[in-house]
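Below: one structure, written as structure tokens.
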Amino acid sequence: MTTIKLLKSASFGLAACAVSFAFTGQASAEDVIVGLVTKTEVNPFFVKMRQAAEAQAKEKGAKLIARAGKFDGDNEGQVAAIEDLISAGAKGILLTPNNSSGMLNIIKKARDAGVLVIALDTATDPADAVDATFATDNFEAGVQQGAYARKALGDKTPIVAMLDGTPGGTVDTFRHDGYLKGFGIAEGDPAIAGAAITNGAQDKGQIGMENLLSKNGDINAVYTINEPAAAGAYAALKSFGKEADVMLTSIDGGCAGVRDVKDGKIAATVMQFPYKMAAMGVDAVVEYAATGKKPSGFVNTGSFLITDKPVDGIESKDTAWGLKNCWGD
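Residues -29 to -1, 1 to 300 (mature numbering (1 follows the signal peptide of the UniProt record, and there is no 0)) are what the sequence shown spells out, left to right.
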């Protein structure tokens, strides 16, 4: 799916936030350097975010320089990337921070140098450390996942496993807390059988799920931070012969994840829109270069629950819609 198709899709029910404008003299398009610093280069979510930013920068006539951490949690790598972008003369930097509070000094340095800094996907802590944030409402996405899981579980007594991402990131905290709220339980509730750190990776999702199943074979609901972790969890469940007995849910909306929902591996996932985040971010940097106008605050780029097994009272879309609007291969 092209960036333009995603931004124009009426079915999203979201106002178009990207704008066209004439350059007014502060900078010509070809002089504008847009920096993009993602958590990793290998996670499909960030791959598609980079592709969207590249496409939008090309359309606007700007130059994109993309960098990433070496692994999920590589705070030092991201700090070094921002240092390089400041030196390269970036007019704006789009950042998905590995650690929401660990980037504050370098973000301040960039902003003090006149660089527009926009957080994509992951908010900083505090949120106003950056000029603006374009992201999924990750708490609400977690609520959607948890509410569906609890209702779809029916009258079964819940025994929940939590496959978390990387400690220190607001995405991880918001999704985790949102799931608990949607599910109707609190941290420390005896319904929670245990938790594992996956760093959003499939191999760690599988190992974490295997360890939790070894401790409690009665787990019947699994929260996952993202679809790679969910794929790992499914592999572990299948190896234990439990794949048909567990309410496995996730968040992402990648095409591979939507296909896993269609194939019955994941009961439901919450789709988000990395193309939109990146394209809006590039537009904002180019506009800032041209007019000096800065975006501010939090802009929710939207989310939808995707499942072929809808439940009463929970709004959702099926995988046919999901496959038309997903990102990735």
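Note that CB positions come from ideal geometry on N, CA and C, so glycine has one too.
Hey, could you find the ends of the alpha helix (DSSP H) residue i is sitting in?
{"i": "residue 308", "result": "The structure shown does not extend to residue 308, since the chain is modelled only from -29 through 300, so no value can be given for it."}
{"i": "residue 275", "result": "Segment 275 to 277 is the beta strand (DSSP E) holding residue 275; no alpha helix (DSSP H) there."}
{"i": "residue 254", "result": "245 to 262"}
{"i": "residue 203", "result": "198 to 210"}
{"i": "residue 29", "result": "15 to 31"}
{"i": "residue 104", "result": "Looking at the DSSP string, residue 104 is not in any alpha helix (DSSP H); the run it does join, the beta strand (DSSP E), is 103 to 106."}
{"i": "residue 77", "result": "75 to 83"}
{"i": "residue 114", "result": "109 to 124"}
{"i": "residue 140", "result": "Unbroken run through residue 140: none, as it is neither H nor E."}
{"i": "residue 290", "result": "290 to 296"}
{"i": "residue 5", "result": "Per DSSP, residue 5 belongs to no alpha helix (DSSP H); it is in the beta strand (DSSP E), 4 to 9."}
To the nearest angstrom, how far is it from the Cα of residue i to the Cα of residue j?
{"i": "residue 180", "j": "residue 199", "result": "13 Å"}
{"i": "residue 193", "j": "residue 125", "result": "15 Å"}
{"i": "residue 203", "j": "residue 86", "result": "39 Å"}
{"i": "residue 268", "j": "residue 105", "result": "9 Å"}
{"i": "residue 48", "j": "residue 98", "result": "21 Å"}
{"i": "residue 72", "j": "residue 95", "result": "6 Å"}
{"i": "residue 91", "j": "residue 254", "result": "13 Å"}
{"i": "residue 129", "j": "residue 74", "result": "38 Å"}
{"i": "residue 20", "j": "residue 134", "result": "24 Å"}
{"i": "residue 136", "j": "residue 171", "result": "5 Å"}
{"i": "residue 36", "j": "residue 152", "result": "39 Å"}
{"i": "residue 289", "j": "residue 42", "result": "33 Å"}
{"i": "residue 118", "j": "residue 77", "result": "38 Å"}
{"i": "residue 110", "j": "residue 296", "result": "22 Å"}
{"i": "residue 83", "j": "residue 178", "result": "43 Å"}
{"i": "residue 191", "j": "residue 279", "result": "19 Å"}
{"i": "residue 293", "j": "residue 56", "result": "36 Å"}
{"i": "residue 271", "j": "residue 146", "result": "15 Å"}
{"i": "residue -18", "j": "residue 138", "result": "The predicted position of residue -18 is uncertain, since its pLDDT is 35 and thus under 50; a value taken from the coordinates is nonetheless stated next. Answer to the nearest angstrom: the Cα atoms are 31 Å apart."}
{"i": "residue 54", "j": "residue 40", "result": "13 Å"}
{"i": "residue 6", "j": "residue 163", "result": "41 Å"}
{"i": "residue 15", "j": "residue 299", "result": "7 Å"}
{"i": "residue 277", "j": "residue 287", "result": "6 Å"}
{"i": "residue 266", "j": "residue 174", "result": "38 Å"}
{"i": "residue 209", "j": "residue 185", "result": "13 Å"}
{"i": "residue 285", "j": "residue 23", "result": "31 Å"}
{"i": "residue 140", "j": "residue 17", "result": "15 Å"}
{"i": "residue 38", "j": "residue 58", "result": "14 Å"}
Out of the options, point me to the one whose CA is closest to residue i's CA.
{"i": "residue 113", "options": "84, 148 and 139", "result": "148"}
{"i": "residue 230", "options": "167, 259 and 291", "result": "291"}
{"i": "residue 89", "options": "81, 83 and 103", "result": "103"}
{"i": "residue 150", "options": "280, 220, 274 and 58", "result": "220"}
{"i": "residue 256", "options": "191, 153 and 63", "result": "63"}
{"i": "residue 305", "options": "176, 44, 211 and 153", "result": "Because the chain is modelled from -29 through 300, residue 305 falls outside the range shown and cannot be assessed."}
{"i": "residue 168", "options": "59, 183, 157 and 299", "result": "183"}
{"i": "residue 68", "options": "60, 59, 80 and 101", "result": "101"}
{"i": "residue 70", "options": "59, 60 and 44", "result": "44"}
{"i": "residue 127", "options": "263, 197, 218 and 12", "result": "218"}
{"i": "residue 61", "options": "159, 260 and 285", "result": "260"}
{"i": "residue 46", "options": "22, 264, 11 and 34", "result": "11"}
To the nearest whole angstrom, what separates the beta carbons of residue i and residue j, a pair I think is in contact under 8 Å?
{"i": "residue 240", "j": "residue 224", "result": "6 Å"}
{"i": "residue 165", "j": "residue 120", "result": "That pair is no contact at about 16 Å."}
{"i": "residue 282", "j": "residue 122", "result": "5 Å"}
{"i": "residue 27", "j": "residue 250", "result": "4 Å"}
{"i": "residue 66", "j": "residue 8", "result": "5 Å"}
{"i": "residue 242", "j": "residue 274", "result": "6 Å"}
{"i": "residue 222", "j": "residue 116", "result": "6 Å"}
Could you check where the beta strand (DSSP E) with residue i kicks off and where it finishes?
{"i": "residue 271", "result": "268 to 271"}
{"i": "residue 34", "result": "34 to 39"}
From the DSSP output, which residues share a beta bridge with residue i?
{"i": "residue 150", "result": "According to DSSP, which records beta bridges pairwise, residue 150 is partnered with nothing at all."}
{"i": "residue 242", "result": "223 and 275"}
{"i": "residue 195", "result": "134"}
{"i": "residue 165", "result": "132"}
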